[in-house]
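In mature numbering (1 follows the signal peptide of the UniProt record, and there is no 0), the protein residues as written are -23 to -1, 1 to 131.
Every residue gets a Cβ at the ideal spot worked out from N, C-alpha and C, and that includes glycine.
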(Lines of atoms letter the chains of each structure in order from A and count residues from 1; the text may use other names and numbers.)
(Lines give C-alpha, C1' and ligand atoms only; values in the text may rest on other atoms or scores of the structure.)
Protein backbone atom coordinates (compact mmCIF):
# COMPACT_ATOMS: atom_id res chain seq x y z
CA UNK A 1 0.00 0.00 0.00
CA UNK A 2 2.80 2.41 0.93
CA UNK A 3 4.61 1.69 -2.34
CA UNK A 4 1.43 2.31 -4.34
CA UNK A 5 0.80 5.65 -2.57
CA UNK A 6 4.46 6.63 -2.98
CA UNK A 7 4.20 5.95 -6.70
CA UNK A 8 0.97 7.97 -6.86
CA UNK A 9 2.58 10.89 -5.04
CA UNK A 10 5.73 10.74 -7.18
CA UNK A 11 3.83 10.64 -10.45
CA UNK A 12 1.48 13.37 -9.29
CA UNK A 13 4.32 15.67 -8.27
CA UNK A 14 5.89 15.19 -11.69
CA UNK A 15 2.61 16.05 -13.35
CA UNK A 16 2.09 19.09 -11.18
CA UNK A 17 5.52 20.34 -12.16
CA UNK A 18 4.95 20.14 -15.92
CA UNK A 19 1.36 21.31 -15.67
CA UNK A 20 2.37 24.42 -13.76
CA UNK A 21 4.17 25.81 -16.77
CA UNK A 22 0.93 26.19 -18.68
CA UNK A 23 -1.45 27.01 -15.83
CA UNK A 24 -0.25 30.58 -15.43
CA UNK A 25 -2.03 32.43 -18.23
CA UNK A 26 -5.41 32.16 -19.85
CA UNK A 27 -6.90 33.99 -22.77
CA UNK A 28 -10.51 34.23 -21.66
CA UNK A 29 -10.21 34.42 -17.91
CA UNK A 30 -10.72 30.83 -16.73
CA UNK A 31 -7.66 29.64 -14.87
CA UNK A 32 -6.94 25.94 -14.53
CA UNK A 33 -4.53 25.44 -11.65
CA UNK A 34 -1.54 23.14 -11.87
CA UNK A 35 -3.08 20.97 -9.14
CA UNK A 36 -6.29 20.71 -11.14
CA UNK A 37 -4.44 19.75 -14.32
CA UNK A 38 -2.44 17.16 -12.41
CA UNK A 39 -5.52 15.63 -10.81
CA UNK A 40 -7.42 15.49 -14.11
CA UNK A 41 -4.40 13.72 -15.61
CA UNK A 42 -4.24 11.35 -12.63
CA UNK A 43 -7.94 10.48 -12.97
CA UNK A 44 -7.70 10.05 -16.74
CA UNK A 45 -4.74 7.66 -16.84
CA UNK A 46 -2.76 7.64 -13.63
CA UNK A 47 -0.87 10.32 -15.55
CA UNK A 48 0.91 7.65 -17.53
CA UNK A 49 2.95 9.47 -20.16
CA UNK A 50 3.84 6.24 -21.98
CA UNK A 51 0.33 5.15 -22.99
CA UNK A 52 0.41 6.55 -26.51
CA UNK A 53 -2.81 6.13 -28.46
CA UNK A 54 -5.42 3.46 -27.85
CA UNK A 55 -8.45 3.54 -30.10
CA UNK A 56 -9.68 7.11 -30.28
CA UNK A 57 -7.85 8.46 -27.21
CA UNK A 58 -4.23 9.45 -26.76
CA UNK A 59 -1.80 10.57 -24.11
CA UNK A 60 -1.88 10.96 -20.35
CA UNK A 61 -5.09 13.01 -20.49
CA UNK A 62 -6.74 10.47 -22.90
CA UNK A 63 -7.68 13.19 -25.40
CA UNK A 64 -9.72 12.49 -28.53
CA UNK A 65 -9.18 14.15 -31.89
CA UNK A 66 -12.45 16.10 -31.50
CA UNK A 67 -11.37 17.39 -28.06
CA UNK A 68 -8.01 18.44 -29.49
CA UNK A 69 -9.76 20.19 -32.39
CA UNK A 70 -12.13 22.01 -30.00
CA UNK A 71 -9.07 23.07 -27.97
CA UNK A 72 -7.60 24.81 -31.02
CA UNK A 73 -5.51 22.06 -32.65
CA UNK A 74 -2.37 22.91 -30.72
CA UNK A 75 0.87 21.47 -32.06
CA UNK A 76 4.46 20.99 -31.07
CA UNK A 77 7.08 23.34 -32.47
CA UNK A 78 4.47 25.33 -34.42
CA UNK A 79 3.96 22.57 -36.96
CA UNK A 80 0.83 22.76 -39.07
CA UNK A 81 -2.13 21.04 -37.40
CA UNK A 82 -2.88 19.40 -40.74
CA UNK A 83 0.44 17.52 -40.69
CA UNK A 84 0.04 13.78 -40.38
CA UNK A 85 0.41 12.87 -36.71
CA UNK A 86 0.20 16.43 -35.35
CA UNK A 87 -2.72 15.53 -33.08
CA UNK A 88 -1.02 12.46 -31.62
CA UNK A 89 2.29 14.26 -31.12
CA UNK A 90 0.60 17.07 -29.18
CA UNK A 91 -1.67 15.04 -26.93
CA UNK A 92 1.07 12.51 -26.14
CA UNK A 93 3.31 15.36 -25.00
CA UNK A 94 2.42 16.36 -21.41
CA UNK A 95 3.06 20.07 -22.00
CA UNK A 96 1.07 20.35 -25.22
CA UNK A 97 -1.70 18.18 -23.77
CA UNK A 98 -1.92 20.43 -20.69
CA UNK A 99 -2.34 23.46 -22.92
CA UNK A 100 -5.06 21.64 -24.86
CA UNK A 101 -6.94 20.86 -21.64
CA UNK A 102 -6.69 24.47 -20.51
CA UNK A 103 -7.89 25.74 -23.90
CA UNK A 104 -10.79 23.29 -23.78
CA UNK A 105 -11.78 24.56 -20.33
CA UNK A 106 -11.61 28.13 -21.57
CA UNK A 107 -13.97 27.22 -24.38
CA UNK A 108 -16.43 25.07 -22.41
CA UNK A 109 -15.95 26.21 -18.79
CA UNK A 110 -19.23 26.30 -16.89
CA UNK A 111 -20.77 25.44 -13.54
CA UNK A 112 -21.51 21.77 -14.23
CA UNK A 113 -22.38 20.80 -10.66
CA UNK A 114 -24.45 23.95 -10.01
CA UNK A 115 -22.58 24.97 -6.87
CA UNK A 116 -22.23 28.60 -7.96
CA UNK A 117 -18.54 28.37 -8.89
CA UNK A 118 -16.58 27.31 -11.96
CA UNK A 119 -13.65 25.31 -10.64
CA UNK A 120 -11.77 22.04 -10.94
CA UNK A 121 -14.80 20.02 -9.85
CA UNK A 122 -16.44 21.30 -13.04
CA UNK A 123 -13.31 20.96 -15.17
CA UNK A 124 -12.92 17.26 -14.38
CA UNK A 125 -16.52 16.70 -15.52
CA UNK A 126 -15.99 18.76 -18.66
CA UNK A 127 -12.84 16.81 -19.42
CA UNK A 128 -14.55 13.45 -18.92
CA UNK A 129 -17.94 14.13 -20.53
CA UNK A 130 -17.35 17.13 -22.78
CA UNK A 131 -18.66 20.65 -22.50
CA UNK A 132 -22.20 19.75 -23.44
CA UNK A 133 -22.70 16.82 -21.06
CA UNK A 134 -20.76 17.87 -17.98
CA UNK A 135 -23.75 17.59 -15.66
CA UNK A 136 -23.48 13.81 -16.00
CA UNK A 137 -21.96 12.08 -12.96
CA UNK A 138 -18.42 10.76 -13.06
CA UNK A 139 -17.90 7.02 -12.84
CA UNK A 140 -16.88 5.94 -9.34
CA UNK A 141 -13.23 5.05 -10.02
CA UNK A 142 -12.54 8.25 -11.99
CA UNK A 143 -14.19 10.40 -9.32
CA UNK A 144 -12.40 8.66 -6.45
CA UNK A 145 -8.96 9.06 -8.03
CA UNK A 146 -9.72 12.73 -8.71
CA UNK A 147 -10.95 13.36 -5.14
CA UNK A 148 -7.97 11.65 -3.49
CA UNK A 149 -5.62 13.69 -5.64
CA UNK A 150 -7.40 16.96 -4.82
CA UNK A 151 -7.46 16.11 -1.10
CA UNK A 152 -3.75 15.27 -1.22
CA UNK A 153 -2.53 18.24 -3.29
CA UNK A 154 -5.40 20.75 -3.35
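Out of the options, state which residue places its alpha-carbon closest to the alpha-carbon of residue i.
| i | options | result |
| --- | --- | --- |
| residue 110 | 86, 124, 125, 131 | 86 |
| residue 82 | 63, 34, 98, 129 | 98 |
| residue 92 | 112, 80, 108 | 112 |
| residue 6 | 84, 49, 131, 72 | 84 |
Among all the DSSP beta bridges, which residues are the ones paired with residue i?
| i | result |
| --- | --- |
| residue 103 | According to DSSP, residue 103 bridges with nothing at all. |
| residue 30 | 35 |
| residue 40 | 35 |
Skipping 5 residues on each side, what residues in its chain have a beta carbon closer than 6 angstroms to that of residue i?
| i | result |
| --- | --- |
| residue 36 | 68, 69, 74 |
Please confirm whether residue i and residue j have their CB atoms less than 8 angstroms apart.
| i | j | result |
| --- | --- | --- |
| residue 78 | residue 104 | yes |
| residue 22 | residue 28 | yes |
| residue 108 | residue 80 | no |
| residue 33 | residue 41 | yes |
| residue 51 | residue 76 | yes |
To the nearest angstrom, report how far apart residue i and residue j are at their CA atoms.
| i | j | result |
| --- | --- | --- |
| residue 101 | residue 16 | 8 angstroms |
In its own chain, which residues sit with a C-beta less than 7 angstroms from the C-beta of residue i, not counting the 5 before and 5 after it?
| i | result |
| --- | --- |
| residue 122 | 19, 20 |
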